[in-house]
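Participant: Numbering (full-length UniProt numbering), first residue to last: 1 to 125. Right, I'll just put the structure down here and ask away after.
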């Protein structure tokens, strides 16, 4: 029970961070399969990854990405750049704020904004 409670807190914390930084995740695997005249079933046969898992990934139903699956898909499709399969774009305001925040970064430790976020996250854990 303690484990589930901790997991729920972690998920809540993750969701708060994601909500704080609006973004869009683009999954491009379906377009790759279409371009190559391949089916999800063929990808399943090439990778050994369950059909349901492939479908959930393509349709954005997976809450997280299994990197072993992702690398297996990349190997099967002979893709060397992960951005061909998936990309994350943050809202323009987020990108601009981060660019400003990092403009004075000296490569040592956290920025002031990261320290604030760390303190905020720790309070919820």
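For glycine and all other residues, C-beta sits at the position ideal for the given N, C-alpha and C.
Pick helix, strand or coil for residue 26, following the three-state DSSP scheme.
Facilitator: Of the three classes helix, strand and coil, the one that applies to residue 26 here is strand, per DSSP.
Participant: Have a look at 21, 96, 46, 64 and flag the residue whose alpha-carbon is nearest the alpha-carbon of residue 33.
Facilitator: Comparing Cα-Cα distances from residue 33 to each of 21, 96, 46, 64, the minimum goes to 46.
Participant: By Cβ distance, which residues of its chain are closer than 6 Å to residue 93, with the 5 residues on each side in sequence left out?
Facilitator: Taken in chain order, the list of residues that qualify is empty.
Participant: Following the continuous alpha helix (DSSP H) through residue 73, name the residue where it begins and the one where it ends.
Facilitator: 67–77 is the extent of the alpha helix (DSSP H) around residue 73.
Participant: Quick one: is residue 14 buried, meaning 16 or more other Cβ sit within 10 Å of its Cβ, or exposed?
Facilitator: Flag for residue 14 reads exposed.
Participant: Where does residue 136 sit, in a helix, a strand or coil, going by DSSP?
Facilitator: Since the displayed the chain opens at 1 and closes at 125, residue 136 lies outside it and no answer follows.
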